[in-house]
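Here the structure comes first, spelled out in structure tokens, and everything after it is commentary.
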Amino acid sequence: MFVSKNLSVNEKGNLTIGGADTVDLAKKYGTPLYVMDEELIREHCRSFKQSIDKYYNGNGLVCYASKAFCCKAICKAMMDEGIGLDVVSEGELYTALSVGFPVEKICFHGNNKTDDELLLAVENNVGRIIVDNIFELERLNDIAEEKGIKANIMFRIKPGVDAHTHDFVKTGQIDSKFGFALETGEAFEAVKKAVSLKNINLVGLHCHIGSQIFDIDPFVLAAEIMINFIADIKSKLGHEVKELNLGGGFGIKYTEDDSPVAYDKYMENVSVRVKELCAEKNIELPFILIEPGRSIAAPAGITLYTVGGVKHIPNIRTYVSIDGGMCDNPRYALYKSKYEAVVANKASQPKNTTVTIAGKCCESGDLIGEGMQLQEAVPGDIVAVLATGAYNYSMSSNYNRLRKPAVVFVNKGNSRVVVKRETLDDIIRNDEE
Ligand SMILES: *Cc1c(COP(=O)(O)O)cnc(C)c1O
């Protein structure tokens, strides 16, 4: 009935998430409110992990891409589940370090890491630094030399795979700000250089072909291209690349139009092809890393809002105004991303109106969605927007000096705040007169 399996309707006709009544949550913690089902997050982790155990003899590591949703509590949950973490900034790295995350399981990404960021990663012995470009390689070598260590790195490669997805999130093709191109020989030159540098240890190659991908074929094709490159490096340079990181991008169900693949299908198909190809090329099976972000966090989360007003503009549209908007969920404004919404206190009633859900920011484009099916909403109702667990809180802003909402984790019917709602004092904290 709903896009995510952790959602249901209770005897009061209220929407529930992970067994908790969303109307009660809104009352207890206020709105706007991000609610995440911790059990479902953990279940997703386990299913990705099991896919590596089942299809690839456990010879790999799942790294949660924390940019999807990052705070101390989720880093701790990932730690608990025995999976790794992918971070893309000093802020994300700092969050992970603050809970004592095992550094050997951290991958540090980013297309333009600063010297401070590289230094923080080197000083903390981060397991793998994913080097994006030649400038970064040289800077990292210098920093590692200064600190007297050898940095473990992977190279970000553009395999040139079209992942049939939204242009903004397509990153595997040649016209991308991320990584080294294969076709032009740029990647091979970089490998040659890395092998010659004293303070660099090239352990692996990485690719990430896009986001919200529903096909398995692009992943298999990318894996093939990367294995061929590993074989090429071995035969031409005698260097053994031991690890292959295939990135994330596994699609999830935002609306009924989306039909995601079962998560273990990716590993199943990729494993078969990798094993075949490695046997054929006479190279050792690489340790495989995958980096799901959205697929771990998005389906586990919802956002709760309170309806302020409802404007019927005859023959044009109906605006349902909520107490949040692009400041807590900028994805419609950025990508025209589609969401499903429910009036949480009328969840058992039919969705018999078509509305535009509008935020409270001073922008006409501040919408959560247009042409959305919704139960008849009136002021005071609680609206739940579904599958907002990824790229909502992490992309939120203080535009219009709105306070960032709290994040609550529910687990088997219990709830706890994992990120406090910002206060008005937080808003002026860094201001000087
Ligand atoms: C964003 C990103 C991911 C996660 O992508 P999802 O679509 O959220 O699964 C993984 N790896 C890298 C390098 C990324 O940039």
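Numbering (numbering that gives the first Met the number 0), first residue to last: 0 to 432. Ideal Cβ placement from N, Cα and C applies to all residues, glycine included.
| Query | Result |
| --- | --- |
| In chain order, what residues of the same chain have a beta carbon less than 8 Å from the beta carbon of G12, not counting five sequence neighbours either side? | N344, K345, A346, S347 and Q348 |
| Considering only their Cβ atoms, is the gap separating A193 from V130 smaller than 9 Å? | yes |
| Considering Cα atoms alone, identify which of V382, C106, R415 and Y262 is closest to G17. | R415 |
| Rounded to whole angstroms, what is the Cα-Cα separation between A72 and I301? | 17 Å |
| A297 and A67: beta carbons closer than 9 Å? | yes |
| Which class does E182 belong to by DSSP, given the choice of helix, strand or coil? | coil |
| Provide the residue(s) that pair with H205 in DSSP beta bridges, ordered along the chain. | R155 and N244 |
| What do you reckon, is the C-beta of G323 under 8 Å from a heavy atom of ligand 1? | no |
| Enumerate in chain order the residues of its own chain whose CB-to-CB distance from V372 is below 7 Å, with the five nearest sequence positions on each side excluded. | Sequence inspection shows Gln at residue 372; the Val mentioned does not correspond to that position. Taken in chain order, the residues that qualify are K350 and T353. |
| Enumerated in chain order, which unbroken segments of the alpha helix (DSSP H) with a length of 4 residues or greater are wholly contained in the region 319-344? | 330-334 |
| Inspect the beta-carbon positions of N58 and I287 and report whether they are closer than 9 Å. | yes |
| Measuring only the C-alpha atoms, how far is I312 from I381? | 22 Å |
| Considering only C-alpha positions, which residue in the set N244, P404 and C277 is nearest to K233? | C277 |
| Where L236 and L284 are concerned, what is the direct C-alpha to C-alpha distance, given to the nearest angstrom? | 18 Å |
| Tell me whether the region 394-409 and the region 322-333 touch, counting them as touching only if at least three CB pairs, one residue from each stretch, are closer than 8 Å. | yes |
| Skipping 5 residues on each side, what residues in its chain have a beta carbon closer than 8 Å to that of L96? | V102 and N123 |
| Could you check if L333 is buried or exposed, using at least 16 other CB atoms within 10 Å of its CB as the buried criterion? | exposed |
| In this structure, does DSSP put N5 in helix, strand or coil? | coil |
| What separation, rounded to the nearest whole angstrom, lies between the Cα atoms of E37 and V409? | 6 Å |
| Given 8 Å as the limit, tell me if G126 has its C-beta closer than that to any heavy atom belonging to ligand 1. | no |
| For R415, list the residues DSSP reports as bridge partners. | F408 |
| Please report the straight-line C-alpha distance between I224 and V34, rounded to a whole angstrom. | 40 Å |
| Could you give the C-beta distance for A19 and G412, rounded to a whole number, given that I count them as a contact under 8 Å? | 5 Å |
| Which of the three DSSP states is assigned to Q49 in this structure? | helix |
| Less than 8 Å separating the Cβ of H238 from some heavy atom of ligand 1? | no |
| Rounded to a whole number of angstroms, what is the C-alpha to C-alpha distance between T15 and M77? | 24 Å |
| Count the other CB atoms within 10 Å of the CB of G184; is the residue buried (16 or more) or exposed (fewer)? | exposed |
| For Y392, verify whether its CB is less than 8 Å away from any heavy atom of ligand 1. | no |
| Give me the residue from R293, C62 and E431 with the minimum Cα distance to N391. | R293 |
| Any idea which residues DSSP pairs H311 with across the strands? | T317 |
| Alpha carbon to alpha carbon, what distance is there between E239 and Y331? | 44 Å |
| Is it buried or exposed, N140, if we count other Cβ atoms within 10 angstroms and call 16 or more buried? | buried |
| For the beta strand (DSSP E) that L401 lies in, which residues bound it at each end? | First-last for L401: undefined, no H or E at that position. |
| Taking 8 Å as the cut-off, is the beta-carbon of G388 closer than that to any non-hydrogen atom of ligand 3? | By its list of ligands, the structure shown excludes ligand 3, since it contains just ligand 1. |
| So, helix, strand or coil for C361, using DSSP? | coil |
| Determine the burial state of E431: buried for a count of at least 16 other Cβ atoms within 10 Å of its Cβ, exposed for fewer. | exposed |
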